[in-house]
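Numbering (UniProt numbering), first residue to last: 1 to 474.
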């Protein structure tokens with residue numbers, strides 16, 4: 001009886017995970033000993049801002065530009081004629097949403113216009129990134145080309161847009177308890193994910209994306225994953241994508257540099273004008289797109305922007321809320337870097353970790369696994385523990401929304417009277433003051449069962465486990 005009481009909770013854990021794919025082999029291993037509740041390392045600080053010398057941006061293409069936007073089963077293709085996207089002396093109509101009236105005019109008929117709404121005054125109302133009120137009497141081109149899926153985003157600064165992040169993006173092996181996503185990286189990007197985050201460890205002399213340890217979940221060499229990102233970004237010229245590389249081995253950034261450069265991403269990587277960048281220092285999406293620098297790469301630890309300028313130090317420019325939260329209240333406090341004062345925090349981007357975990361202790365090892373039965377609520381728009389509710393709490397604390405909403409299984413969660421899928425994107429749209437009307441989400445790698453069946457079966461098994469554990473406690 002004692003042994004049964006000891007083993008039943010862990011048996012339930014494996015039963016819940018197995019329900020995701022009955023044919024899969026469950027893998028959950030690791031070294032014994034208490035694990036740190038969150039990664040930690042050396043945090044960089046800069047006594048003053050380093051301003052880098054600016055370089056002129058030359059034209060990046062004179063051929064036809066084709067933008068392909070895929071959403072669910074539908075694909076929309078926009079073809080622009082032979083056009084120089086950006087060149088010395090070429091003026092571009094760009095209305096900056098955070099600087100009222102700031103504009104330039106174009107004298108070239110062939111110029112591609114990447115603008116948002118007409119010149120407007122943007123005021124923070126405490127619930128979203130910006131609310132536009134039109135300025136009458138000022139003629140301007142109206143942009144219909146979406147930047148990161150919304151025409152309104154073209155004129156907004158990178159730091160003034162809330163986007164959805166795939167927590168542990170590479171880790172989507174069906175049947176593995178350490179998985180955090182159900183869809184591959186290409187599908188994630190097609191659906192609207194714009195931050196891809198994952199931790200790296202070395203296997204022999206090659207960096208792999210691994211969850212805590214490569215014995216737990218090995219998603220393969222980073223070159224394979226990053227190569228897919230490069231292919232997607234190359235075929236989507238109006239999208240800006242962010243990568244957050246977790247340096248699980250705490251190696252020097254130069255150790256990873258040759259592997260990143262095997263994929264070609266360095267050619268698309270944005271190099272900031274300052275070190276570190278304040279929240280208002282970031283350029284508009286239009287500027288990044290027209291300059292051909294549409295991939296922002298952060299590394300959490302051991303970045304060195306003087307050695308590798310295109311891999312940016314995360315924590316001097318973006319803080320995080322508590323890592324791997326187990327509290328459904330999701331406190332929106334600055335957790336990393338530690339002891340960050342409020343004034344410095346408010347000058348940085350921030351990543352809101354909104355992925356609920358279940359903490360168990362197995363033979364002396366602390367293991368955090370996603371709370372799958374609560375995904376519909378956690379990724380929801382409203383209610384206790386919902387992403388929309390928690391994000392509003394962040395706004396009330398910091399007076400501006402998170403840059404990134406870091407979620408598990410982003411494809412789970414519905415909203416509206418018709419139960420439309422894609423609640424995490426609806427939340428981001430709410431705080432960006434735009435309308436989310438895309439289809440979500442792609443098809444999971446394993447078609448053994450649908451998401452609704454997965455959540456339903458998981459909840460049923462969890463209930464059985466609770467009853468069983470309660471009975472044993474009698």
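By construction, the Cβ of each residue, glycine as well, lies at the ideal position given by its N, Cα and C atoms. If you're wondering where the values come from, they're calculated on a predicted model, not measured in any experiment.
| Check | Outcome |
| --- | --- |
| Local Cβ density within 10 Å of residue 250, reported as buried at 16 or more and exposed below that | exposed |
| N-terminal and C-terminal residue of the alpha helix (DSSP H) that residue 222 is part of | 222 to 234 |
| Pairwise C-alpha distance: residue 290 and residue 359 | 45 Å |
| Assigned secondary structure, residue 475 (DSSP; H/G/I helix, E/B strand, else coil) | Nothing can be reported for residue 475, as the shown portion of the chain is limited to 1 through 474. |
| First and last residue of the uninterrupted beta strand (DSSP E) at residue 406 | 404 to 407 |
| Cβ contact check for the stretch 180 to 187 and the stretch 397 to 413: 3 or more pairs under 8 Å | yes |
| Buried/exposed call for residue 396, threshold 16 Cβ in 10 Å | exposed |
| Proximity winner among 426, 259 and 39, relative to residue 389 (alpha-carbon distances) | 426 |
| Closer than 8 Å: residue 183 CB and nearest the ligand HEM heavy atom | No copy of the ligand HEM appears in this structure; indeed no ligand is present at all. |
| DSSP bridge partner residues for residue 420 (one or two, in chain order) | 415 |
| Three-way DSSP call (helix, strand, coil) for residue 366 in this model | strand |
| Euclidean distance between Cα positions of residue 151 and residue 283 | 16 Å |
| Distance CB(residue 368)-CB(residue 424) smaller than 9 Å | no |
| Buried or exposed by the 16-neighbour rule on C-beta atoms within 10 Å, applied to residue 399 | exposed |
| Unbroken alpha helix (DSSP H) run spanning residue 252, endpoints | No alpha helix (DSSP H) holds residue 252; DSSP gives it neither H nor E. |
| Same chain only: Cβ atoms within 6 Å of residue 337, ignoring 5 sequence neighbours per side | 43 and 315 |
| The stretch 217 to 235 contacting the stretch 271 to 283, beta-carbon criterion three pairs below 8 Å | no |
| Contact belief for residue 350 with residue 403 at Cβ below 8 Å, rounded distance in angstroms | 6 Å |
| Per-residue DSSP class, three states only, for residue 278 | coil |
| Local conformation of residue 90 per DSSP, three classes | With a pLDDT of only 28 at residue 90, under the threshold of 50, the placement of this residue in the model should not be trusted, and no figure is reported. |
| Counterpart residues of residue 202 in DSSP-defined beta bridges | 207 |
| Three CB pairs or more closer than 8 Å across the stretch 233 to 242 and the stretch 146 to 165 | yes |
| Coil, strand or helix - residue 219 by DSSP | strand |
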